[in-house]
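**Q** So that we are looking at the same thing, I have put the structure below in structure tokens.
Number of protein chains: 2
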Amino acid sequence: MTGRNDSEGDRFPSTGVQCPLPLRDYPQIVLGHGGGGQLSDELVRHLFLPSFANDALQELGDASVVALGEQRIAFCTDSFVVQPRFFPGGNIGELAVNGTVNDLAMVGAEPKWLSAAFILEEGFSMDELARIVAAMADATARAGVDIVTGDTKVVPRGQGDGCYINTSGIGVVPKGIVLCPSRVQVGDAILLSGTIADHGMAIMSVREGLGFESEIASDTAALHELVATMLGVCPEIRAMRDPTRGGVAAALHEVAQAAQVGIEIDDAAVPIAPATASACEILGIDPLAVANEGKLIAFVPDEAASEVLEAMRAHPLGHNAARIGKVVADHRGMVVAKTAIGATRVITTQIGEALPRIC
Amino acid sequence: MTGRNDSEGDRFPSTGVQCPLPLRDYPQIVLGHGGGGQLSDELVRHLFLPSFANDALQELGDASVVALGEQRIAFCTDSFVVQPRFFPGGNIGELAVNGTVNDLAMVGAEPKWLSAAFILEEGFSMDELARIVAAMADATARAGVDIVTGDTKVVPRGQGDGCYINTSGIGVVPKGIVLCPSRVQVGDAILLSGTIADHGMAIMSVREGLGFESEIASDTAALHELVATMLGVCPEIRAMRDPTRGGVAAALHEVAQAAQVGIEIDDAAVPIAPATASACEILGIDPLAVANEGKLIAFVPDEAASEVLEAMRAHPLGHNAARIGKVVADHRGMVVAKTAIGATRVITTQIGEALPRIC
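Protein sequences, first through last, are from chains A and B.
Using the working numbering, count along the first sequence one by one with no gaps and you end on 359.
Using the working numbering, count along the second sequence one by one with no gaps and you end on 1359.
Structure follows, in structure tokens:
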């Protein structure tokens, strides 16, 4: 491994020497390395990025954009290990299609082709596999994409857990569209497409056997049509993120870091369903850190924000959309929230994750 | 699930009624569903194909080819679960890069971009992960491709087995090149790029603790430059296959079925290293059914075969290349071999697999 990101700045205090592999405190993989928080970020920045060094990877977008002749194509990959595989509002198959469609949509791409690779555990129910595959087929039909290539591996009993799915995706980025966190500027408005924390709390309520009075359902949905609508109104939108693992907090953090700007949100402006809010409160979990699977955050030039917001609200997947904050020149690289009582709190990303196998 | 492939012909004899899901004998996934033999084929033909129905998938190539404006791009995916992860001649990281490069090469594509998705088990050694990632970086540098996007999931201890890797790949198919099993014609020559069964026997010898006198090393290698050399000599090559899971036998079978032609090979003409041949004989395994990771089979118009073979032999990855047989009008859909004593034997594909987690 060579090279590193100096902004990380994890020097040994006594010597000023930089450690090329500051994963030193973790000789083994821990759950948090897959949680979308600080440990995930370390693994990416200090192992994968320097090893696989190239410009497209360096952007760290939800999908990479590469040039192919006159066209630009988006390419992304995601593995799905969610447990349970069927949950209120969705299942692993639907998630695997929507998740990859959304990663393509976040760079403004029109999703076209998906791959599907299964790692099945010996003994996995053929009937359940058929139900998962049917859900994937439905989701691709709804999203207007095709699964054009696939792979199946079977591992012996005890060396997997039922069914893991990887989907990769290819999309085409329309001419003139460049969605990229580094384009975010001071003064931009921050729009959120709907209520937060529904997916994570749906999983948690089922898995932990928490009988909340009203059932919380996952928000899993394909966002590419909402994105196309927004870009139709304002092709100059700077960047988008779908706040999955790590939630809205992690997504905002990534942008604050990438663009080296400050981000200020208004707690009261963030939409959250009452049942989800109650569940988060009971469990003492910050909903900003909980995973979503059908929401997006957009960084929009302030002068276009009202018009984009109106277009979002007219779309079925955006009718709870809200302006939740703005990009500021203060506290660059940080995210803060104005609380209901007028105070300011710093929004940090989690070190690990609240809940493994959330997606 | 709707639709089915009539050529499968698994009717209930008494009624003539076709069963849409003839996986009825297997209510659960068995290891053979991932083995590249008949069970894998059933899963693909009776579950995935009818569910995800589209033209590109229907071809069942190592990679799918889709049109993007004036260009044609190849897209493929493969998960790697090989055990042990480090073996004579290679490791899971190298395999994950070369395997996907080869799937792209088998449709004639120039490999360009790869994704890398890791499913890690809690407790997996960070040092081993770094060695795997370094091997992937080396392999991409050698193959001239970039890993441009990735994902990492961590599953709790006991719900995985160390490290599973998925790589998907995108390549560009040069104008005029169409490699596709259905193009294979009676009279075509069948060329094989080198010795068979080395990868499978390397894995088996390590895993089963078989101390063969001479160490057998995996043949893992990226074949796209060999392919480009061959297509440079003869752009009319009909089809190629890399004989991985299921070995040469399964690859030939797929082509015999897809093109509805007979295939006849000459046992004595198939190159095999003495150590590998001995190991197969000791274990009673047909080397034709053993996995390769750096070999290809090409179906070439007879009149161009000698020239293509010469070009293969001049390439470092083809110096043991041989003409192993021909495409015939007899016994369509079947593969037969002429034995050393002049008899003919039918080459069948295995139902399951000789060895799980071979790649």
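Positions of the beta carbon are idealized from the N, C-alpha and C atoms, including for glycine.
Fair warning: this is a prediction, and the values are worked out from it, not measured in the lab.
#1: Counting only Cβ-Cβ distances shorter than 8 Å, please list the residues of the stretch 1030 to 1051 of chain B near chain A, keeping chain order.
#2: Please list, in chain order, the residues of the stretch 1129 to 1157 of chain B that have any C-beta partner in chain A closer than 8 Å.
#3: Check the DSSP bridge columns for Pro1111 (chain B) and list the partner residues they point to.
#4: So is Lys1242 (chain B) in contact with chain A if we call contact Cβ pairs under 8 Å?
#5: Return the Cβ separation of Val255 (chain A) and Val328 (chain A) in integer angstroms, given the expectation that the two are a contact with Cβ distance under 8 Å.
#6: Give a yes or no on whether the minimum CB-CB distance between Pro1027 (chain B) and chain A is below 8 Å.
#7: What number of angstroms, rounded off, separates the C-alpha of Arg1284 (chain B) from the C-alpha of Ala96 (chain A)?
#8: What's the gap between the Cα of Leu1252 (chain B) and the Cα of Gly194 (chain A)?
#9: Determine, for Gly1246 (chain B), whether the minimum Cβ-Cβ distance to residues of chain A falls below 8 Å.
#10: Verify the CB distance criterion: does Gln350 (chain A) have a CB-CB separation below 8 Å to chain B?
#11: Give a yes or no on whether 8 Å exceeds the smallest Cβ distance from Ala228 (chain A) to chain B.
#12: Only counting the same chain, and skipping five residues up and downstream in sequence, which positions put a Cβ closer than 6 Å to that of Gln1257 (chain B)?
#13: Distance check for Ala105 (chain A) and Gly1294 (chain B), CA to CA, integer angstroms please.
#14: Per DSSP, what are the beta-bridge partners of Tyr164 (chain A) in this structure?
#15: Got a sec? Which residues, its chain only, sit under 7 Å from Ile1092 (chain B) by beta carbon, not counting five neighbours each side?
#16: Let me confirm a value: Leu210 (chain A) is counted as buried when at least 16 other C-beta atoms fall within 10 Å, else exposed. Which label applies?
#17: Counting only beta-carbon atoms, is Phe86 (chain A) nearer than 8 Å to chain B?
#18: Would you be able to state if there are at least three C-beta pairs under 8 Å between the stretch 107 to 118 of chain A and the stretch 147 to 160 of chain A?
#19: Can you grab the Cα-Cα spacing for the pair Ala1289 (chain B) / Gly89 (chain A), in whole Å?
#20: CB-CB under 7 Å to Ile272 (chain A), same chain, minus the five flanking residues each way: which ones, in chain order?
#21: Around the Cβ of Arg357 (chain A), are there at least 16 other Cβ atoms within 10 angstroms (buried) or fewer (exposed)?
#22: Would you list the one or two residues that DSSP bridges to Cys1359 (chain B)?
#23: Of the choices B:Pro1156, B:Ala1130 and B:Leu1191, whose alpha-carbon is the least far from that of Glu1122 (chain B)?
#24: Return the bridge partner residues of Val1346 (chain B) from the DSSP annotation.
#25: Taking the alpha carbon of Val308 (chain A) as the point to measure from, which residue in A:Glu236, A:Leu47, A:Pro27 and A:Ile282 has its own alpha carbon closest?
#26: With 8 Å set as the bound, which would you pick, yes or no: does the beta-carbon of Cys180 (chain A) sit closer than that to a beta-carbon of chain B?
#27: Using the beta-carbon of each residue, which ones in chain C are nearer than 9 Å to Ser125 (chain A)?
#28: Could you pull the start and end residues of the beta strand (DSSP E) that Gly1200 (chain B) belongs to?
#29: Does Pro356 (chain A) have its Cβ less than 8 Å from a Cβ in chain B?
#30: I'd like the span of the alpha helix (DSSP H) that includes Ile324 (chain A), first residue to last.
#31: State yes or no: is the beta carbon of Phe299 (chain A) nearer than 8 Å to at least one beta carbon in chain B?
#32: Would you verify that the beta carbon of Ser406 (chain A) is, or is not, closer than 8 Å to some beta carbon of chain B?
#33: Identify, in the order they occur along the chain, each residue of the same chain with its Cβ nearer than 7 Å to the Cβ of Phe87 (chain A), setting aside the five sequence neighbours on each side.
#34: Which value, in whole angstroms, describes the spacing of the CA atoms of Glu1310 (chain B) and Ala1109 (chain B)?
#35: Can you name the start and end residues of the beta strand (DSSP E) that Leu1179 (chain B) belongs to?
#36: Could you tell me which chain A residues have their CB closer than 7 Å to the CB of Thr1371 (chain B), listed as they occur along the chain?
**A** In short:
#1: Legend: CB atoms of the stretch 1030 to 1051 of chain B lying less than 8 Å from CB atoms of chain A belong to residues Val1030, Leu1031, Gly1032, His1033, Gly1034, Gly1035, Ser1040, Leu1043, Val1044, Leu1047, Phe1048 and Ser1051.
#2: Residues Leu1129, Ala1130, Val1133, Ala1134, Met1136, Ala1137, Thr1140, Asp1146, Ile1147, Val1148, Thr1149, Gly1150, Asp1151, Thr1152, Lys1153, Val1154, Val1155 and Pro1156.
#3: As a working mapping, residue 1111 (chain B) is identified with position 111 in the second sequence. Partner residues in the beta bridge of Pro1111 (chain B), as assigned by DSSP, are B:Gly1171.
#4: In the second sequence, counting from the first residue as 1, residue 1242 (chain B) sits at position 242. It should be pointed out that residue 1242 (chain B) corresponds to Asp in this sequence rather than to Lys. So, not an interface residue.
#5: For this step, residue 255 (chain A) is matched to residue 255 along the first sequence. For this step, residue 328 (chain A) is matched to residue 328 along the first sequence. The beta-carbon distance between Val255 (chain A) and Val328 (chain A), rounded to whole angstroms, is 13 Å. This is too long to meet the 8 Å contact definition.
#6: Position 27 of the second sequence, counting from 1, holds the residue named residue 1027 (chain B). In terms of beta-carbon proximity, Pro1027 (chain B) lines the interface with chain A, with at least one pair separated by less than 8 Å.
#7: As a first step, residue 1284 (chain B) is located in the second sequence; it is residue number 284 there, counting from the start. As a first step, residue 96 (chain A) is located in the first sequence; it is residue number 96 there, counting from the start. The identity of residue 1284 (chain B) in the sequence shown is Gly, whereas the question assumes Arg. Distance between the alpha carbons of Gly1284 (chain B) and Ala96 (chain A) is about 42 Å.
#8: Counting from one through the second sequence, the residue named residue 1252 (chain B) turns up at place 252. Counting from one through the first sequence, the residue named residue 194 (chain A) turns up at place 194. Cα-Cα distance, rounded: 53 Å.
#9: The residue you call residue 1246 (chain B) lines up with position 246 of the second sequence. Taking Cβ atoms only, chain A never reaches closer than 8 Å to Gly1246 (chain B), which makes this a no.
#10: As a first step, residue 350 (chain A) must be located in the first sequence, where it is residue number 350. For Gln350 (chain A), the answer is no, since every Cβ of chain B falls outside 8 Å of its Cβ.
#11: The residue you call residue 228 (chain A) lines up with position 228 of the first sequence. No, because no Cβ of chain B sits closer than 8 Å to the Cβ of Ala228 (chain A).
#12: Within the second sequence, residue 1257 (chain B) is the residue found at index 257, counting from 1. Spatial neighbours of Gln1257 (chain B) in its own chain (CB-CB distance under 6 Å, excluding positions within 5 residues in sequence) are listed in chain order as Gly1333.
#13: As a first step, residue 1294 (chain B) is located in the second sequence; it is residue number 294 there, counting from the start. As a first step, residue 105 (chain A) is located in the first sequence; it is residue number 105 there, counting from the start. Approximately 36 Å, taken between the alpha carbons.
#14: Numbered from its first residue, the first sequence carries residue 164 (chain A) at position 164. Tyr164 (chain A) has A:Ile119 as its beta-bridge partners, per DSSP.
#15: The residue you call residue 1092 (chain B) lines up with position 92 of the second sequence. Once the five neighbours on either side are set aside, the close Cβ partners of Ile1092 (chain B) are Phe1080, Val1082, Arg1085, Ile1132, Cys1163 and Ile1165.
#16: On the first sequence, position 210 is the one that residue 210 (chain A) refers to. Leu210 (chain A) sits exposed, since fewer than 16 C-beta atoms from the chains shown fall within 10 Å of its C-beta.
#17: One-based indexing of the first sequence puts residue 86 (chain A) at position 86. Judged by the 8 Å Cβ criterion, Phe86 (chain A) is not in contact with chain B.
#18: Counting C-beta pairs closer than 8 Å gives three or more between the stretch 147 to 160 of chain A and the stretch 107 to 118 of chain A, which meets the contact rule.
#19: Counting from 1 along the second sequence, the entry for residue 1289 (chain B) is found at position 289. Counting from 1 along the first sequence, the entry for residue 89 (chain A) is found at position 89. Across the structure, Ala1289 (chain B) and Gly89 (chain A) are spaced so that their CA atoms are roughly 44 Å apart.
#20: One-based indexing of the first sequence puts residue 272 (chain A) at position 272. For Ile272 (chain A), where only same-chain residues beyond five positions count, the Cβ hits under 7 Å are Thr195, Ile196, Ala197 and Pro287.
#21: As a position in the first sequence, residue 357 (chain A) is number 357, starting the count at 1. With 16 or more other Cβ atoms within 10 Å, it is buried.
#22: The residue given as residue 1359 (chain B) occupies position 359 in the second sequence. Answer is none; Cys1359 (chain B) lacks a bridge partner.
#23: Along the second sequence, one-based indexing puts residue 1122 (chain B) at 122. A check of alpha carbon separations from Glu1122 (chain B) across B:Pro1156, B:Ala1130 and B:Leu1191 identifies B:Pro1156 as the nearest.
#24: For the purposes of this step, residue 1346 (chain B) is taken as residue 346 along the second sequence, with counting starting at 1. B:Val1336, per the DSSP bridge assignment.
#25: Here residue 308 (chain A) corresponds to residue number 308 of the first sequence, with the count starting at 1. Closest in C-alpha terms to Val308 (chain A), from the list A:Glu236, A:Leu47, A:Pro27 and A:Ile282, comes A:Glu236.
#26: Taking the first sequence and counting its residues from 1, the one referred to as residue 180 (chain A) is at position 180. Cβ-Cβ to chain B under 8 Å: no for Cys180 (chain A).
#27: Although the question refers to chain C, the structure presented lacks it and instead comprises the protein chains A and B.
#28: One-based indexing of the second sequence puts residue 1200 (chain B) at position 200. Secondary structure note for Gly1200 (chain B): it is in no beta strand (DSSP E), and the uninterrupted alpha helix (DSSP H) holding it is Asp1198 to Arg1207.
#29: Against the first sequence, residue 356 (chain A) aligns to sequence position 356. Yes, contact with chain B.
#30: Working through the first sequence from its first residue, we reach residue 324 (chain A) at position 324. Ile324 (chain A) -> not in any alpha helix (DSSP H); beta strand (DSSP E) instead, spanning Ala322 to Val328.
#31: Here residue 299 (chain A) is taken as the residue at index 299 of the first sequence, counted from 1. Answer no: the Cβ-Cβ gap between Phe299 (chain A) and chain B never drops below 8 Å.
#32: Lying outside 1 to 359, the shown extent of chain A, residue 406 (chain A) is not represented and no answer is given.
#33: If you number the first sequence from 1, residue 87 (chain A) lands on position 87. Here the set comprises Ala202, Ile203, Val206 and Ser218.
#34: Translated into the one-based positions of the second sequence, residue 1310 (chain B) becomes position 310. Translated into the one-based positions of the second sequence, residue 1109 (chain B) becomes position 109. Answer to the nearest angstrom: the Cα atoms are 22 Å apart.
#35: Against the second sequence, residue 1179 (chain B) aligns to sequence position 179. From DSSP, Leu1179 (chain B) is part of no beta strand (DSSP E); its letter is neither H nor E.
#36: Look at the range of chain B in this structure, 1001 to 1359, and you will see that residue 1371 (chain B) is not part of it.
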